[in-house]
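Encoded as structure tokens, the structure appears first; notes follow it.
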Amino acid sequence: MATVVRLLRTMELGLKRRNVLLVLLMLAAVIVFWAYSRKNEPAGVHFAKVQRETLLSMLPTNGKVEPLEFASVRVEAAGLVIQLPVKEGRNVAKGAELAELSAPGLESQLSSAQVRVEQAQAELDRIERGGRKAELTEIASSLDRAKLDRDAALRDYNALRRLEEKQAATREEVATAQGKLRQSELEIDGLEKKRAALVVSADRAVAQARLREAQAEVQLARQRIAQTVVRSPIAGVVYSLPVRLGAYLNVGDLVANVGELSRLRVRVYVDEPELGRVTVGLPVTITWDGLPGQKWQGVVQQMPAQIQTLGTRQVGEVLCTIPNPGRGLVPGTNVTAEIQASVVQNALTIPKEGLRRDSGGTGALVLRDGAVHWKKVTTGTSSVNRVQIIEGLSEGDSVALSTGIAIYDGEKVKPLYQ
Numbered sequence: 005m006a007t008v009v010r011l012l013r014t015m016e017l018g019l020k021r022r023n024v025l026l027v028l029l030m031l032a033a034v035i036v037f038w039a040y041s042r043k044n045e046p047a048g049v050h051f052a053k054v055q056r057e058t059l060l061s062m063l064p065t066n067g068k069v070e071p072l073e074f075a076s077v078r079v080e081a082a083g084l085v086i087q088l089p090v091k092e093g094r095n096v097a098k099g100a101e102l103a104e105l106s107a108p109g110l111e112s113q114l115s116s117a118q119v120r121v122e123q124a125q126a127e128l129d130r131i132e133r134g135g136r137k138a139e140l141t142e143i144a145s146s147l148d149r150a151k152l153d154r155d156a157a158l159r160d161y162n163a164l165r166r167l168e169e170k171q172a173a174t175r176e177e178v179a180t181a182q183g184k185l186r187q188s189e190l191e192i193d194g195l196e197k198k199r200a201a202l203v204v205s206a207d208r209a210v211a212q213a214r215l216r217e218a219q220a221e222v223q224l225a226r227q228r229i230a231q232t233v234v235r236s237p238i239a240g241v242v243y244s245l246p247v248r249l250g251a252y253l254n255v256g257d258l259v260a261n262v263g264e265l266s267r268l269r270v271r272v273y274v275d276e277p278e279l280g281r282v283t284v285g286l287p288v289t290i291t292w293d294g295l296p297g298q299k300w301q302g303v304v305q306q307m308p309a310q311i312q313t314l315g316t317r318q319v320g321e322v323l324c325t326i327p328n329p330g331r332g333l334v335p336g337t338n339v340t341a342e343i344q345a346s347v348v349q350n351a352l353t354i355p356k357e358g359l360r361r362d363s364g365g366t367g368a369l370v371l372r373d374g375a376v377h378w379k380k381v382t383t384g385t386s387s388v389n390r391v392q393i394i395e396g397l398s399e400g401d402s403v404a405l406s407t408g409i410a411i412y413d414g415e416k417v418k419p420l421y422q
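Read left to right, the sequence shown gives residues 5 to 422 (this note's numbering).
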């Protein structure tokens with residue numbers, strides 16, 4: 005009996021194994037058939053329709069904002085900041101005080117210089133009035149004596165002439181008296197010239213030089229005092245104020261940046277190959293990540309004069325002017341710029357992914373009767389995503405978009421539309 009049971013169990017296990025093997029064989033056959041069917045099924049390819057639209061050719065790039073008119077105000081005299089009457093973001097008039105620095109010793113220097121001016125002026129005035137007192141006194145005494153001698157000689161000469169007329173005096177006595185008179189007159193003339201020489205001597209030039217030197221010291225001291233008050237050279241907004249009260253500033257240190265912010269300049273960096281698409285007067289749109297959703301409209305004002313390196317790029321700096329009525333856009337920010345290079349009305353366009361290039365040039369794969377066919381095309385203006393087709397395609401054509409699967413001219417495909 006046990007032998008029969010074992011035999012039945014062995015037969016049952018054999019049947020189960022045959023069934024499993026049969027199922028596996030059938031499953032393998034299904035997989036092979038599915039793979040064969042898939043292999044012969046056309047590949048699925050995404051297509052887009054050729055359509056007409058207004059095409060805006062936008063040139064996207066980046067730029068940096070700066071005031072159209074601005075001044076970087078720096079100190080001309082070193083010192084501590086003791087007054088800071090303005091705040092960042094405030095409007096200031098031309099000449100408004102931005103900061104005041106300490107001026108130790110400058111007031112005393114000014115006072116000393118003013119005293120030296122007074123002394124030099126007094127010395128010059130004394131010289132102008134006739135020279136030095138001692139010398140003038142001596143000359144005056146000599147002049148008085150010489151004039152007395154001249155008067156006496158004149159009386160003697162006149163008396164002898166009268167006597168000569170009466171033949172009471174000889175001609176030699178008259179000549180001698182005349183010589184003494186002439187000698188007295190020459191002495192008086194010499195003393196008067198000596199007194200005049202004192203007035204126009206080098207003492208006057210020295211005194212004038214001392215006066216000018218003292219006056220220059222006064223001017224310099226006043227200038228240094230004025231330099232301790234830092235003023236705005238233009239009217240505008242204080243958009244940068246890096247100094248703080250109590251800070252020590254050296255000559256040339258920055259106090260503030262002041263600029264007119266109602267209109268701004270944006271330096272837009274355009275890659276060298278794209279510069280040919282830009283001209284003066286083209287519209288430009290500015291956006292800033294700091295204020296999402298806001299846009300500023302302006303125009304291209306000036307083309308670059310040279311190409312320069314910016315990181316790994318060769319760019320030209322295109323200058324654009326941007327109205328900024330709300331002053332939301334601030335100098336120094338990095339912005340995104342889009343220059344509207346051209347506008348084409350009713351342009352025939354396709355997505356840029358529909359363009360293909362090979363040895364035959366630029367073209368597209370167009371759907372005809374379930375297969376793709378190569379068509380050479382001529383392109384025109386392009387935007388960020390689309391390109392104008394001037395020749396080679398018609399409105400309504402279906403153009404194959406780029407895919408990871410290689411497809412060839414004449415290949416059957418399964419069209420998929422986005």
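The beta-carbon is built from N, C-alpha and C at its ideal position, and this holds for glycine as well.
Per-residue burial, residue i [other beta carbons within 10 Å of its own, 16 or more giving buried]
i      : result
SER61  : buried
GLU169 : exposed
GLY297 : exposed
PRO329 : exposed
SER452 : Residue 452 is absent from the model: the chain starts at 5 and stops at 422.
PRO108 : exposed
GLN494 : Because the chain is modelled from 5 through 422, residue 494 falls outside the range shown and cannot be assessed.
SER402 : buried
LYS416 : exposed
LEU369 : buried
ALA213 : exposed
LEU314 : exposed
PRO64  : exposed
VAL255 : exposed
PRO335 : buried
VAL304 : buried
THR58  : exposed
VAL388 : exposed
THR283 : exposed
THR353 : buried
THR141 : exposed
ARG360 : buried
LYS418 : exposed
LEU333 : buried
Segment limits, beta strand (DSSP E) that includes residue i
i      : result
ARG372 : 365-372
THR383 : 382-386
ALA103 : 101-105
LEU84  : 83-87
GLN312 : 311-314
PRO308 : Careful: PRO308 lies outside any beta strand (DSSP E) and carries neither H nor E.
PRO46  : Taken as a continuous stretch (DSSP letters only), PRO46 belongs to no beta strand (DSSP E), as it is neither H nor E.
TYR421 : 417-421
GLU395 : 390-395
Paired residues, beta bridge with residue i - DSSP
i      : result
ILE238 : The partner list for ILE238 (beta bridge, DSSP) is empty, contrary to what the question assumes.
ALA404 : PHE51
ILE290 : TRP300 and ALA341
TYR273 : ASN66 and GLU321
SER116 : None, per the DSSP bridge assignment.
PRO71  : LEU268
SER244 : ASN261
ASP362 : GLY365
ALA351 : GLU57
GLN123 : BP columns for GLN123 are empty, so no partner.
GLU176 : Beta-bridge pairing links GLU176 to no other residue.
Cβ shell of residue i (< 7 Å), same chain only, five flanking positions each side left out
i      : result
ARG165 : VAL178
LEU11  : With a pLDDT of 49 at LEU11, under the threshold of 50, the modelled position of this residue cannot be trusted, and the question is left open.
VAL222 : LEU114, ALA117, GLN118 and VAL121
ALA39  : Note that ALA39 scores a pLDDT of 49, beneath 50, so its modelled location is shaky; the value from the coordinates is reported in the next line. Taken in chain order, the list of residues that qualify is empty.
GLU276 : ILE311, GLN318, VAL319 and GLY320
Residues near residue i in its chain [Cβ-Cβ closer than 8 Å; skip 5 each side]
i      : result
ARG442 : Past the edges of the chain, shown from 5 to 422, lies residue 442, and the structure says nothing about it.
ARG175 : GLU168
GLU264 : PRO71, LEU72, GLU73, PHE74, ILE238, ALA239, GLY240 and VAL241
ARG331 : VAL241, LEU265 and SER266
ARG269 : VAL69, GLU70, PRO71, LEU72, GLN305, LEU323, CYS324, THR325 and ILE326
VAL96  : VAL90, LEU102, SER236, ALA239, GLY240, VAL241, VAL242 and VAL262
ALA150 : SER188, GLU191, ILE192 and LEU195
Same chain, Cβ closer than 6 Å to residue i, neighbours up to 5 away in sequence not counted
i      : result
GLY414 : ALA375
ARG271 : GLY67, LYS68 and GLU321
GLU92  : VAL242 and LEU245
LEU147 : LEU195
ALA351 : LEU59 and GLN392
LYS184 : ALA157
Open item on the list: Is it the case that the segment 242-259 contacts the segment 316-324, given that we only count it when at least three CB pairs across the two stretches are under 8 Å?
Closed with: no
Task: Three-pair Cβ contact test at 8 Å for the segment 376-385 versus the segment 75-84 - done: no
Open item on the list: Under 8 Å, with one C-beta from each stretch per pair, do the segment 45-54 and the segment 403-411 reach the 3-pair mark?
Closed with: Yes: the two stretches touch, three or more of their Cβ pairs being nearer than 8 Å.
Task: Segment contact flag, the segment 288-307 with the segment 246-253, C-beta cutoff 8 Å, min 3 pairs - done: The segment 246-253 and the segment 288-307 do not touch, with fewer than three beta-carbon pairs separated by less than 8 Å.
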